[in-house]
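Right, one structure below, let's go through it.
Laid out in structure tokens, this is it:
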């Protein structure tokens, strides 16, 4: 943050530290908790290529936010590796002074060894790969397109070999779908250096049919794994970290749980999100964004853009997960394919 300036915080005293940038609203998976195929079909009106923020615009936004306290950028989607300029975007973001980390979340389908090496060379720090099951039939149901598990596992290996470490694996756990896979996934990555993070099924967007009874809580997940492999808690690596960390007592690595339903962590949230079209959202469960397009189109300076975002952040008072109920779950919310996870 620029010296001599008062630290930027929102109405609840939360600083701006993390930016999640969606590179595209398109995805080649149809995971039912994010992009159910009956909604996101062949005629769904995805963004046109000319509506997306350009690599230069993304880099400009990042440069504008570093003086406000930004430390970390995560590139998301949709599926970010569908974006043709993805390596160029990483290069331009990595060239911005003051960032501590540039990460990416991907479904792994396009993460070959060559792509992983290219992203590492461009400046990507690490990668998180989504994998909701190991059994082929369960995985096929979870990704919605019959994508084979072995290719996702190969992507995880490719990321590790490229040095995009520590590689993390995200597992969304939905009751009646894949809770039987929890221990098997934990076991698969024990001792490998890969960190698995189990995520409570959330009511993102309005199309996934979320119900509270479908949520497998973090406590259940920890009990299942801990019964096989005893665990002990670890402190967070940094303020605002979304996952609560645990390590295996026998030293074979760590796991994390993201308990945004059973134990919300809104009061520690330091994340700003921007869609591929340049709309700012101050909450994963926001209903309406604020467009940056007018600023880009008139050639606003980085200082002007920073002042605009700072004004948005100062007014922020979101705490959706702390207020969550069956009623709030039915309120309009941006789809996760637009805003990124």
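Residue numbers (UniProt numbering): 1 to 341.
For every residue, glycine included, the Cβ atom is placed at its ideal position computed from N, Cα and C.
- Under the 10 Å beta carbon count, residue 259 is surrounded by 16 or more other beta carbons and is classified as buried.
- Pairing residue 152 with residue 108 gives a Cβ-Cβ distance under 8 Å.
- Rounded to the nearest angstrom, the gap between the Cα atoms of residue 161 and residue 129 is 14 Å.
- For residue 137, the enclosing alpha helix (DSSP H) begins and ends at 136-143.
- For the pair residue 134 and residue 185, the CB atoms are nearer than the 8 Å cut-off.
- In this structure, the beta-carbon distance from residue 116 to residue 154 does not fall below 8 Å.
- Here residue 318 really is in contact with residue 282; their C-beta atoms are around 5 Å apart, less than 8 Å.
- Residues 133, 134, 135 and 138 of the same chain have their beta carbon placed closer than 7 Å to that of residue 181, with the five preceding and five following residues left out of the count.
- The criterion of a C-beta distance shorter than 8 Å is satisfied by residue 72 and residue 101.
- About 21 Å separates the Cβ atoms of residue 194 and residue 216, ruling out a contact at the 8 Å cut-off.
- An exposed status is given to residue 234, since fewer than 16 other beta-carbon atoms sit within 10 Å of its beta-carbon.
- Of the candidates 19, 48, 79 and 190, 19 places its Cα closest to the Cα of residue 68.
- Residue 50 is classed as exposed because its beta carbon has fewer than 16 other beta carbons within 10 Å across all chains shown.
- Between the beta-carbon of residue 11 and that of residue 316 there is about 6 Å, and that keeps the pair under the 8 Å contact cut.
- Shown here for residue 119: same chain residues with a beta carbon closer than 8 Å to its own, the five before and five after excluded, namely 86, 87, 90, 104, 127, 162 and 164 in chain order.
- Under the criterion of beta carbons closer than 8 Å, residue 263 and residue 218 qualify as touching, at roughly 7 Å.
- Within its own chain, no residue has a Cβ closer than 8 Å to the Cβ of residue 13 once the five positions on either side in sequence are excluded.
- DSSP lists 75 and 127 as the bridge partner or partners of residue 104.
- Here residue 274 has 21 and 280 as same chain residues with Cβ atoms under 6 Å from its own Cβ, once five neighbours each way along the sequence are excluded.
- Residue 256 is not a Cβ neighbour of residue 270, given a cutoff of 8 Å.
- The three-state secondary structure of residue 52, taken from DSSP, is coil.
- In this model, residue 278 and residue 53 are separated by some 6 Å (Cα to Cα).
- When the Cα atoms are used, residue 33 and residue 26 turn out to be separated by approximately 15 Å.
- Bounds of any beta strand (DSSP E) do not take in residue 315, whose DSSP letter is neither H nor E.
- Residue 174 and residue 112 have their C-alpha atoms some 28 Å from each other.
- A direct Cα-to-Cα measurement between residue 55 and residue 303 gives close to 19 Å.
- DSSP places residue 38 in the coil class of the three-state scheme, outside both helix and strand.
- Per DSSP, residue 226 lies in no beta strand (DSSP E); the unbroken alpha helix (DSSP H) holding it starts and ends at 218-228.
- DSSP places residue 114 inside the alpha helix (DSSP H), whose first and last residues are 113-122.
- If you check the CB distance, residue 96 and residue 59 come in under 8 Å.
- When DSSP states are grouped into helix, strand and coil, residue 80 belongs to the helix group.
- Annotation note: the stretch 10-38 contains the following uninterrupted beta strand (DSSP E) runs of length 3 or greater, listed N- to C-terminal: 18-22.
- Residue nearest to residue 267 within the set 7, 16 and 6 is 16 (criterion: CA-CA distance).
- Taking C-alpha positions only, residue 294 is separated from residue 93 by approximately 21 Å.
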